[in-house]
Amino acid sequence: MAELNGKVAFVTGGAQGIGKAIVQRLSADGFAVAVADLNIDTANEVAKAINDAGGKATGIKVDVSDRDNFFKAVGEAAEKLGGFDVLVNNAGLGPTTPIDTITPEQFDKVYHVNVAGDIWGIQAAHEQFKKSGKGGKIINATSQAGVVGNPNLALYSGTKFAVRGITQVAARDLAEENITVNAYAPGIVKTPMMFDIAHQVGQNAGKDDEWGMQTFAKDIALKRLSEPEDVAAAVSFLAGPDSNYITGQTIEVDGGMQFH
Ligand SMILES: NC(=O)c1ccc[n+]([C@@H]2O[C@H](COP(=O)([O-])OP(=O)(O)OC[C@H]3O[C@@H](n4cnc5c(N)ncnc54)[C@H](O)[C@@H]3O)[C@@H](O)[C@H]2O)c1
């Protein structure tokens with residue numbers, strides 16, 4: 020385990036999938052990490068494994084769609100870990116929603132987690148950055164489906180396009196305070212969310228899960244699905260000093276699906 024670098028990173032949705040790989044990677048980079056998740060039991064397990072391996076981590080319960088709760092969780096992490104330097108707005112919901120099936124309830128839920136959650140996170144991090152006066156880094160999860168519309172994902176794609184917009188505006192609004200705001204756009208990553216989407220899309224077409232996965236995976240130039248660690252490596256760059264002159268950008272980590 021690397022020596023601690025004196026910085027604290029807060030990762031939402033850190034209990035599983037891409038978020039778990041991000042907390043593990045940032046811990047290996049030397050960050051003290053807050054594993055922030057709705058599922059506190061799994062978050063605590065991830066934090067314990069990091070502490071057992073000689074890193075520094077704490078599990079924090081958060082519902083990113085609840086503004087007050089997000090502020091409380093960020094304050095708690097800063098207190099426990101002794102500062103606040105990096106926010107990774109990673110938590111997200113990815114339901115499969117053929118266009119005619121979208122309900123008002125689903126719309127509210129998904130936009131509150133994927134879009135409002137990012138805004139509450141930016142506000143809560145900004146409060147901490149103002150206290151420290153040192154600036155900081157905000158890193159948001161979008162998707163290749165937030166760069167180009169994907170089949171059956173009208174609700175999800177819309178939220179992820181919104182995340183790129185919010186990233187660009189926040190980058191401009193916070194730049195003077197030495198705060199950078201960037202986003203990462205994963206492709207087809209082997210996580211519970213993606214297996215669920217592949218299953219649903221396959222079912223909707225009367226086909227199997229593998230067919231559902233290939234609907235999304237067939238255009239990957241590098242010809243393999245993404246591991247969560249592929250994404251965590253890009254987030255490590257965005258969280259570290261080598262990205263200090265980059266802000267407002269979306270890095271696509273998709274094995275070559277979208278080219279811009
Ligand atoms: N898996 C992919 O292929 C893929 C592709 C592109 C983008 N993404 C994005 O990457 C991020 C992580 O995706 P994943 O595949 O690891 O997802 P996942 O569903 O496997 O894990 C998401 C985690 O977020 C937590 N979470 C859900 N709602 C929450 C809330 N309201 N508050 C706090 N935590 C909450 C869950 O408990 C879970 O631990 C998401 O934003 C997703 O949209 C994923």
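Position one of the sequence shown corresponds to residue 20 (my numbering), numbered consecutively onward. We put the beta carbon where it would ideally sit given N, CA and C, even for glycine. Computed from a predicted model, the values in this text were never measured in an experiment.
Within 7 Å, strictly: CB atoms of residue 104 and residue 30: Here residue 104 is taken as the residue at index 85 of the sequence shown, counted from 1. Here residue 30 is taken as the residue at index 11 of the sequence shown, counted from 1. Contact flag unset, no.
Beta bridge counterpart(s) of residue 208 as assigned by DSSP: Here residue 208 is taken as the residue at index 189 of the sequence shown, counted from 1. Paired residue(s): 245.
Residue 100 beta carbon near ligand 1 (any heavy atom closer than 6 Å): Against the sequence shown, residue 100 aligns to sequence position 81. Checking the Cβ of residue 100 against ligand 1 gives no.
heavy atom of ligand 1 below 6 Å from residue 211 C-beta: Taking the first residue of the sequence shown as 1, we reach residue 211 at position 192. Checking the Cβ of residue 211 against ligand 1 gives yes.
Status (buried if at least 16 other CB within 10 Å, exposed otherwise) for residue 241: By one-based count along the sequence shown, residue 241 stands at place 222. Label assigned to residue 241: exposed.
Residue from 81, 100 and 141 whose Cα sits closest to the Cα of residue 200: One-based indexing of the sequence shown puts residue 200 at position 181. The candidate whose alpha carbon is nearest that of residue 200 is 141.
As assigned by DSSP and simplified to three states, the class of residue 78: Sequence index remark: in the sequence shown, residue 78 carries index 59 (1-based). Strand, per DSSP.
Nearest-angstrom beta carbon gap, residue 76 and residue 92 [assumed within contact, 8 Å]: Taking the sequence shown and counting its residues from 1, one reaches residue 92 at position 73. Taking the sequence shown and counting its residues from 1, one reaches residue 76 at position 57. About 14 Å separates the two Cβ atoms, so there is no contact after all.
Unbroken stretches of the beta strand (DSSP E), 3 residues or longer, contained in the stretch 57-126: 76-80 and 105-108
Sufficient close CB pairs (3 or more, under 8 Å) joining the stretch 124-136 to the stretch 178-189: yes
C-beta atoms of residue 40 and residue 111 nearer than 7 Å: Sequence index remark: in the sequence shown, residue 40 carries index 21 (1-based). Sequence index remark: in the sequence shown, residue 111 carries index 92 (1-based). Cβ distance not < 7 Å, so residue 40 and residue 111 don't count as in contact.
Contact test: residue 83 Cβ vs ligand 1 heavy atom, cutoff 6 Å: As a position in the sequence shown, residue 83 is number 64, starting the count at 1. At least one heavy atom of ligand 1 is nearer than 6 Å to the Cβ of residue 83, so yes.
Length-filtered (4 minimum) alpha helix (DSSP H) runs lying within the stretch 131-187: 136-151
Contact test: residue 57 Cβ vs ligand 1 heavy atom, cutoff 6 Å: Your numbering for residue 57 matches position 38 in the sequence shown. Answer for residue 57: yes, Cβ within range of ligand 1.
Whole-Å CB distance - residue 269 paired with residue 202, under 8 Å assumed: On the sequence shown, position 250 is the one that residue 269 refers to. On the sequence shown, position 183 is the one that residue 202 refers to. About 4 Å; that satisfies the 8 Å criterion.
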